[in-house]
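A.B. asks: Residue numbers (the working numbering): 5 to 226.
Written out as structure tokens, the structure reads:
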């Protein structure tokens, strides 16, 4: 899932200070799970922003609404009903949701309340760790389903660097070395032969270096 962190309240307040009535717009998917942008967080943020101390003049009038996903235009068209008088939206979705909403309500301004950080998973309650970079050329079949691009600090493709020690990374002695994890995972699986293949340089074109990526599934849409 996509993980996001709340922006500083002062930055959020500055972005909406010039508007009279703002919709605080929660998202019911990824950012709800990581407790940063769901309905509860949207109401909490609206309560914070109602305090005059964040504004030179009176704070904007705030309304709160949450939708299941902000990243799907068909859901927005079906379920987003803007209250009367709204002149800006404060989106609590990831950067994808902010842009989809903005495209739909253009020219109304849409501002982000979160900093989108990474795609990750919850290894334990309240802790999310990055797992995937969306590189477009997945290597997990060859690395025991442990991503070296994401989980190795140097994104090495053919084994660890010389700085690893006792199974940990030289960048952070408390962070496991991704390639040590890959080795022991493949050993447990009886697949160490996979490490004999030398991988060439990653083709970063698939990761978006040629501009925004598009996926079209045959048989759906136009």
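We put the CB at the ideal spot given by N, CA and C, even for glycine.
1) Comparing C-alpha positions only, which one of 120, 68 and 104 sits nearest to residue 90?
2) Tell me whether the beta-carbon of residue 17 lies closer than 9 Å to the beta-carbon of residue 59.
3) Can you tell me whether DSSP reads residue 55 as helix, strand or coil?
4) Residue 121 lies in the beta strand (DSSP E); which residues open and close that run?
5) Decide if residue 213 is buried, meaning its Cβ has at least 16 other Cβ atoms within 10 Å, or exposed.
6) Is it right to say residue 218 is buried, meaning 16 or more other beta carbons lie within 10 angstroms of its own, or is it exposed?
7) By DSSP's criteria, residue 169 is part of a beta bridge. Which residues make up the other side?
8) Between which two residues does the beta strand (DSSP E) carrying residue 190 extend?
9) Specify, as a first and last residue, the run of the beta strand (DSSP E) that residue 107 falls within.
10) Please go through the same chain and pick out, in chain order, the residues whose beta-carbon is closer than 7 Å to the beta-carbon of residue 1, but skip the five residues on each side of it.
11) Going by DSSP, what residue range makes up the alpha helix (DSSP H) through residue 22?
12) Between the Cα of residue 32 and the Cα atoms of 70, 162 and 47, which residue gives the shortest distance?
13) To the nearest whole angstrom, what separates the beta carbons of residue 34 and residue 98, a pair I think is in contact under 8 Å?
14) DSSP three-state call for residue 37: helix, strand or coil?
15) Per DSSP, what are the beta-bridge partners of residue 136 in this structure?
16) With DSSP collapsed to three states, give me the class of residue 92.
17) Please name the residue, chosen from 11, 202 and 29, that lies closest to residue 101 on a Cα-to-Cα basis.
18) Count Cβ pairs between the region 132 to 151 and the region 162 to 175 that sit closer than 8 Å; are there 3 or more?
19) DSSP three-state label for residue 2, please.
20) Find the nearest neighbour of residue 180 within the set 160, 77, 156 and 142, judged by alpha-carbon distance.
21) Could you say which of 105, 62, 64 and 95 lies nearest to residue 79 if we only look at CA atoms?
22) Please list, in chain order, all residues of the same chain as residue 14 whose beta carbon is under 7 Å from its beta carbon, the five residues on each side excluded.
C.D. replies: So, from the data block:
1) Translated into positions along the chain shown, residue 90 becomes position 86. Cα-wise, what sits closest to residue 90 is 68.
2) Walking along the chain shown from the start, residue 17 turns up at place 13. Walking along the chain shown from the start, residue 59 turns up at place 55. Against a cut-off of 9 Å, the Cβ pair of residue 59 and residue 17 comes out as a contact.
3) Here residue 55 refers to the residue found at position 51 of the chain shown. Three-state DSSP puts residue 55 in coil, outside helix and strand.
4) Taking the chain shown and counting its residues from 1, one reaches residue 121 at position 117. Where residue 121 is concerned, the enclosing beta strand (DSSP E) stretches over 118 to 128.
5) Position 209 of the chain shown, counting from 1, holds the residue named residue 213. Residue 213 comes out exposed.
6) Position 214 of the chain shown, counted from the first residue, corresponds to residue 218. Answer is exposed; the Cβ neighbour count stays below 16.
7) Along the chain shown, read from residue 1 onward, the residue named residue 169 stands at position 165. The partner list for residue 169 (beta bridge, DSSP) reads 172.
8) Here residue 190 refers to the residue found at position 186 of the chain shown. Run containing residue 190: none in the beta strand (DSSP E); it sits in the alpha helix (DSSP H), 182 to 193.
9) Counting from 1 along the chain shown, the entry for residue 107 is found at position 103. Premise fails: residue 107 lies in the alpha helix (DSSP H), 99 to 109, not in any beta strand (DSSP E).
10) The requested residue 1 does not occur in the structure, where the chain is confined to residues 5 to 226.
11) One-based indexing of the chain shown puts residue 22 at position 18. Run containing residue 22: none; DSSP gives neither H nor E here.
12) Residue numbering aside, residue 32 sits at position 28 when the chain shown is read from its first letter. The candidate whose alpha carbon is nearest that of residue 32 is 70.
13) Counting from 1 along the chain shown, the entry for residue 34 is found at position 30. Counting from 1 along the chain shown, the entry for residue 98 is found at position 94. Going by Cβ atoms, the distance from residue 34 to residue 98 rounds to 6 Å, so yes, they are a contact pair.
14) Translated into positions along the chain shown, residue 37 becomes position 33. Helix at residue 37.
15) On the chain shown, residue 136 is found 132 positions in, with the first residue counted as 1. Answer by DSSP bridge pairing, in chain order: 123.
16) Your numbering for residue 92 matches position 88 in the chain shown. Correct three-state label for residue 92: strand.
17) As a working note, residue 101 is residue 97 in the chain shown. Comparing Cα positions, the closest option is 29.
18) no
19) As shown, the chain starts at 5 and ends at 226. That puts residue 2 outside it, with no answer to give.
20) Along the chain shown, one-based indexing puts residue 180 at 176. It is 156 whose Cα lies nearest to the Cα of residue 180.
21) In the chain shown, the residue the question calls residue 79 occupies position 75. Ranking the options by Cα distance to residue 79, first place goes to 105.
22) Locating residue 14 in the chain shown gives position 10, counting from the first residue. Taken in chain order, the residues that qualify are 58.
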